[in-house]
Structure formats: C-alpha cells, structure tokens
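Residue numbers (this note's numbering): 2 to 640. Have a look at the structure below, then the notes.
This is the structure:
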C-alpha cells in the first residue's frame, strides 16, 4: 500500500487539495517486512496472503496439462479495444480499434493474485524495494528474461516502456503516470522509478502491472501509430493467425522464459487462444451451437434462460457453469452527456431515470435474473446504504451548503415501478420535474422557453439492445420527448464515445476491489474533456474531485470504504446516468473439452489462464495451429 506518512484524522477532507498534492507518500510493507528490504509482493494496505517461498497460487492446478485450443468470444475489452471488430494490434494508444487479448503478448513487472483484493507478486521483477521516504520504488529484474525473438529484456526496456506510455500512451494510462517524475537504470537488472511527491498510494502497483515493450524493436517503428504488424513481447503468447475484424489467435510460446516461476505455475495451459468476432449476437450464439467456437460467457439473460436447449446441451456435450463473482459489479447504464445543455439540469436527468421501467424490463426481457443497479460501487462494501454514519458525515459536512440535503439522508436509488411498463405515477413525476426545469409540452412536444425541442438519441453499435431501448423510448414519447436510436458501426461507435459525441450511451464499468488512481478517469473534472476517458457523463464537480482524492489516498481499508460511501452519495445525488442492472456471477457455457481447478478465485473469472484441455479432449477438439516454439537462449546466472 501507499500511505501518507502523517497520521490523518477523519476530517481529512477539510484539507485542501494543495495539501494533498504536497503530502509525503510512502509504501506500506507487509507486517513482517523490514524497511528497505526486497519484497516479493506489494499490497495497497500491506497484507500479502502468499509468503516469499510460495510455489503457486491456490486457485490453479500446478500439474495441469498443456495443449489444445480455447476459442471464445471475448467478455471484456481494455483501452482502445472493441467487442465487435478490430483494425489494429496496438492496444496502448487512443487511435484505432485494437484486437482483444493483446495483454497475453506482454509481461509486466508484477502480476495480480486473483484471490486477494489487490496484491501483486513478482513476474519480470523478482523483487521490489520501496524507498523509505516514499520518493521512489526499485524493481529488481529476474535473470534470464527474454523477448520472443530471443533478445534479453533489460531495465532499459522497462524504462523505455514507462516513459513512452507516459508521453504517448492511451489517456487512461498516461494520466495515471503524471506523477511519475523519472525512471533510472543503474544496471541492466535494476529499475528505479521516482515520484513527484503528489502521487497516489497505488501508483507503484499500477506501474508494476503495465506492459513492457522492446526498446530495440520500437527503434524502427512508431509507437503512436495504429498498425496490424504483430508486436514483439515477452509474455506467454504471441500473435498467430488473424483476420482483422473476424478472429485473432494467440499461440503459446513453448520456450517462454517465465513458464515455471511461481506466479505462472499451473497457468497459460492452452497452446492456442482464439478470439472470435461477430457483429450480431444471434449469429454469435448460432456459431457456438454449431461448435464453431468452444467457450462463451452468456450476457443475455433471455438466451441463458430459454435457448440452451439444443441437442449438445441435452446430451452433455455442452456444459453450463455459474461462478460467483466477488468483484464490485460497478456501473452499467445509459450515461447521460451533461456536456450538452439540454441535460445540464439534474431534474431533466432524474426525469429520464423515472421514465425507464426496470421491473417490467427485468420480467419481460430478462426472466427476473437481474437486480437493479443503484451505485457505481455496486456489489461491494463501498456502496452507500442507509443514513451516513458519523465518519461519512465528517467527510461531507465541509460542503453541506453546496450539497443537496438528500446526501445527508438515505442515498438516492432509482424508483421501483409498478411493473406495468408505463408507471403513470412515475411518468407524472417526470413531467413535473421537466416543467420545473423549464421544459413544457407544446402541441405534444416537449420544448423550452427558446422553442427548442427536447430530443434524446441513444448511440448503439448492436441491434440486440434495441428491444430494451424501444420500451424506454415509448415512455419518453409519452413525455413529449422525441427519442431515437442511432445505429453505427463499431469503429464509429468507438470514435464517438472517445470524443463524447452522443446524448445517451450504454456502458458498463467495473471498479477495482481496492480502487486507486484509476478512479480519476471515471468522474473527476480533469477527465471531463479528456478524449477516451471513462467520464462519459462529463462530470465536473470539485466536491467529487476532493472525495475521490480521499478514497485514493486512504490509509486503511476501513477509511477507504468510508470515503467511497461518502463519494457514492454525492455521485448518486447528481443523477448522471440511468442505472441498468447486474448479477454477481459469471454464466459460462462451453463444449465439454475443458477442465478447471476445483477452486475459483473470488475476484476474477480466470478461465484463459487456469483452465486446460486434457489430451483426450484435445484430440476430439482438433488443433489447427501449432504452438510457437521459440528456443530459450542460454543464460548464465550472473546475467
């Protein structure tokens, strides 16, 4: 953990942001560690589950066989990646739509343990030494680490990677590296990262999980360009066959340098991991039924409830599995673009919330499988509930005259409808709110004093969501609001989101179990105009900024939870989005070629890196592409 070296009282929020920026920040070490020793892992609040001599994570099978292929539709995207297509193999800049899975190609200094809230352990780095005064952190690289072309990976490559990501990386990375002041390389296996003094407690952990690039490789290539040239990495896989927009295959590097180190033992068992792309969910599901790909996470409740009745399910060739998800479910909903004047008034935004009938939608479209989302911190202890306790009030009271009274009462929750699809009481309330905000009905159309019509355009890149949006649009029409769906292709959808060119857009974001500096990308003022940020609603509120800093710089887990709950109350009072739904579980379907560990980690699905294909099952599945066999160069221990 990174903590303030002074002891903070519960009234920390009274301190100015200028003080926060000048605060002295150091890294908390495990209770058993001494100062300035080499640590095998880091945790935000200093707790590590695994000892220095651990041999593997508890949620893997260390003897898992290697081989076979896992083909699937990707469940998540990072940075500039897209669900529906790709035109680039550069995932780390804003430009282009990158392929999913490129993180498989690159190793980082350290890597997450999925059964701990935030702990990371050495990958490229065999150990790490935080400076006693918090001004720097030193990573000590392992000997014998190599890129896929056989060239050694050294401290110069790490320094190059950090500096180029700070200067030219995707804004979600570069903004978080603002307080990284310098990177020094005393020798080929030592990297010293220096900080400005205004950095957050989790910046060393963020840096530890960034990809490491080859400095020599990029000496003849422009990092800032979108490209389809497969990148050179040092990770367990490299890019194999691909067809832009249709599929991409990653081949296991047979001579991978890190195959048997503790954080990798029992992981990366598939010879090949293939991501499939479909522009239509119906075609995607039909392809799975035909065995054209082998694994999927089901996100459509109707399909899960009613359509897994085909022969392969009935005779056991396709299995279904529900895994508990202990991670915060985060925020899913239609995010309202407050940069547009028509949505500037929170009463207008609340009217939009009242017009959406979740209860009817959940019953008629989702078979009752979902729960309504209330909070950005849903499914976690950070979600505000009930009246604020004394510690929360201490954080909120300095701004009492600038906050709605409801912040000091029960947190705002979306209204529960009568389930009819057109709750008249809520529509009447929405009408009152719109009138109070200056939008009246004239000739059946909602207009303001300037005679401007109130219109709403839903940006979409897939027709599958229209069945949900259509019922919502019908209710908006009853309020005199002209609402439409703008269907665009994947590339345009990505670009319009990056540039905030929309009225309402559906999106889901998940907050980390122990949130850190990345929170700034979701709702702080400096990201409201930052292209590519997660601040889709355009939130600019100094109170939210200050409370976010309090969450980021909390010195204990209890303090962070308290600050997050206070922040949650203010965010919810702003009515910045029309909340959707969530379920704290993964619904998985797969052809019966796979095995998996008995224990699943609570904070990650961990399918790609912990499941495996048995020899017998691999023979049934077939394997079209051979693994990438890269001979491991000879290495002397002194290197």
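Think of the CB as a built atom: it goes at the ideal place given N, C-alpha and C, for glycine as much as any other residue.
Report the three-state DSSP secondary structure of residue i (helix, strand or coil).
| i | result |
| --- | --- |
| residue 459 | strand |
| residue 62 | coil |
| residue 508 | strand |
| residue 25 | Annotation note: pLDDT 33 at residue 25 (below 50); position unreliable, coordinate value reported separately. Correct three-state label for residue 25: coil. |
| residue 401 | helix |
| residue 33 | Model confidence at residue 33 stands at a pLDDT of 42, short of 50, so the residue's coordinates are unreliable and nothing is read from them. |
| residue 198 | coil |
| residue 286 | helix |
| residue 73 | strand |
| residue 325 | strand |
| residue 417 | coil |
| residue 250 | strand |
| residue 192 | strand |
| residue 100 | coil |
| residue 610 | helix |
| residue 226 | coil |
| residue 528 | helix |
| residue 264 | coil |
| residue 409 | helix |
| residue 376 | coil |
| residue 319 | strand |
So, are the CB atoms of residue i and residue j less than 7 Å apart?
| i | j | result |
| --- | --- | --- |
| residue 91 | residue 227 | yes |
| residue 613 | residue 65 | yes |
| residue 44 | residue 120 | yes |
| residue 542 | residue 534 | no |
| residue 462 | residue 510 | no |
| residue 298 | residue 76 | yes |
| residue 107 | residue 591 | no |
| residue 267 | residue 63 | yes |
| residue 225 | residue 171 | no |
| residue 241 | residue 86 | no |
| residue 136 | residue 41 | no |
| residue 486 | residue 457 | no |
| residue 257 | residue 105 | no |
| residue 355 | residue 475 | no |
| residue 339 | residue 538 | yes |
| residue 328 | residue 604 | yes |
| residue 512 | residue 400 | no |
| residue 138 | residue 194 | yes |
| residue 359 | residue 506 | no |
| residue 514 | residue 408 | no |
Would you mind giving the Cβ-Cβ distance between residue i and residue j, rounded to the nearest angstrom? I have them listed as a contact below 8 Å.
| i | j | result |
| --- | --- | --- |
| residue 218 | residue 371 | In fact, because the Cβ distance is near 45 Å, the residues do not count as touching under 8 Å. |
| residue 125 | residue 166 | So it is not a contact: roughly 15 Å between Cβ atoms. |
| residue 253 | residue 276 | With a Cβ gap of about 15 Å, residue 253 and residue 276 do not count as contacting. |
| residue 274 | residue 103 | Not quite, the Cβ-Cβ distance comes to about 11 Å (not below 8 Å), so this is no contact. |
| residue 114 | residue 51 | 7 Å |
| residue 438 | residue 346 | 4 Å |
| residue 469 | residue 301 | Incorrect: roughly 11 Å between the Cβ atoms, too far for contact. |
| residue 94 | residue 235 | Rounded, the Cβ-Cβ distance is 20 Å, inconsistent with contact. |
| residue 374 | residue 334 | 6 Å |
Just reading off the alpha helix (DSSP H) that residue i is part of, what are its end residues?
| i | result |
| --- | --- |
| residue 209 | 204–209 |
| residue 354 | 347–355 |
| residue 312 | 312–315 |
| residue 298 | That residue, residue 298, is in no alpha helix (DSSP H); its beta strand (DSSP E) goes 296–298. |
| residue 540 | Run containing residue 540: none; DSSP gives neither H nor E here. |
| residue 474 | 467–479 |
| residue 359 | 359–365 |
| residue 495 | 491–499 |
| residue 1 | Not covered by the structure: residue 1. The range shown for the chain is 2 to 640. |
| residue 571 | 558–574 |
| residue 257 | Run containing residue 257: none; DSSP gives neither H nor E here. |
| residue 218 | 216–219 |
Terminal residues of the continuous beta strand (DSSP E) containing residue i?
| i | result |
| --- | --- |
| residue 334 | 332–337 |
| residue 483 | 483–488 |
| residue 244 | 238–244 |
| residue 589 | 586–592 |
| residue 579 | 578–580 |
| residue 277 | 273–277 |
Verify the contact flag: residue i, CB atom, against every heavy atom of the ligand ZN, threshold strictly below 6 Å.
| i | result |
| --- | --- |
| residue 200 | The ligand ZN is absent from the structure shown, which contains no ligand whatsoever. |
Counting only C-beta atoms, is residue i closer than 7 Å to chain D at any point?
| i | result |
| --- | --- |
| residue 141 | Within the model displayed, chain D is absent; a lone protein chain is all it includes. |
Whole alpha helix (DSSP H) elements within the stretch 102–189, 4-residue minimum: Counting only runs of 4+ residues, the alpha helix (DSSP H) found wholly inside the stretch 102–189 occupies 156–169 and 172–175, in chain order.
4 or more residues per run - each alpha helix (DSSP H) lying fully within the stretch 424–454: Counting whole runs of 4 or more residues, the stretch 424–454 contains the alpha helix (DSSP H) stretches 425–437.
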